[in-house]
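Residue numbers (the working numbering): 48 to 293.
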């Protein structure tokens, strides 16, 4: 029996939830709706889902609090699509920094939500060809850091593992697969999120900032991920590839 993707919608707006739920079901998805964080937690105690659509503006614990909670718990690998107010860029920034995989601004068309869901599921299950992980795990060494392609985390000079969100890992993997090559924002978005940039889309800039923090990079004079004015970003370090020992 073919797997039917299960989507959990966490939104206190009953009308929107019902409309979206009906549309997604018509397009072959299984959908569960939770009105708030309490219902979300109760459901996830006994069930698992393939993706969570999480609204930021809710009574009680808002979407940002719930996103942080999910990323710290047993559902840390479950993709999250945040729903934000169109005019509130701060929420989008914080959502991405807390580990959301993507965001969609309200109001939105149901077909756009479906397209985003499918894109997130596709890229979390099968990386683009140039990012696919070989059967043998690899350690990608650059400067004082190593990227473990099996554990999907960073290792510092002492071998301490530093966790990465899914979005952070995909972006860093693009950089280490294309070292010392300038990549523009459209290329980075396409390779990591499978979509084109929207007007004033800052998601790549935010993730670069997040990665710099992980790498201990000085934002004013970064040693690893440098900004190339009017062009994009570049991983300034050469990369050495070695087979991961079991």
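Yeah, the Cβ is synthetic: ideal placement off N, Cα and C, and Gly gets one too.
Check                                                                                                     : Outcome
Alpha-carbon to alpha-carbon, residue 268 and residue 95                                                  : 43 Å
C-alpha gap between residue 199 and residue 211, whole angstroms                                          : 7 Å
Beta carbon of residue 67 nearer than 8 Å to that of residue 147                                          : no
Three-state secondary structure (DSSP) of residue 87                                                      : helix
Proximal residues to residue 151 (C-beta, below 8 Å), its chain only, five neighbours per side dropped    : 128, 129, 130, 131, 159, 160 and 163
Within 8 Å, strictly: CB atoms of residue 254 and residue 215                                             : yes
Ordered list of beta strand (DSSP E) runs contained in the segment 182 to 247, each at least 3 residues   : 185 to 189, 192 to 195, 200 to 202 and 208 to 210
Below-8 Å beta-carbon distance, residue 187 vs any chain C residue                                        : Here there is only one protein chain, and chain C is not present.
Counted within 10 angstroms of its Cβ, other Cβ atoms place residue 177 as buried (16 or more) or exposed : Residue placement at residue 177 cannot be trusted, given a pLDDT of 45 that sits under 50; what the coordinates show is reported in the next sentence. Exposed.
Boundaries (first-last residue) of the beta strand (DSSP E) holding residue 283                           : That residue, residue 283, is in no beta strand (DSSP E); it is neither H nor E in DSSP.
Cutoff 7 Å; reference residue 149; Cβ partners in own chain excluding five residues on either side        : 128, 163, 167 and 240
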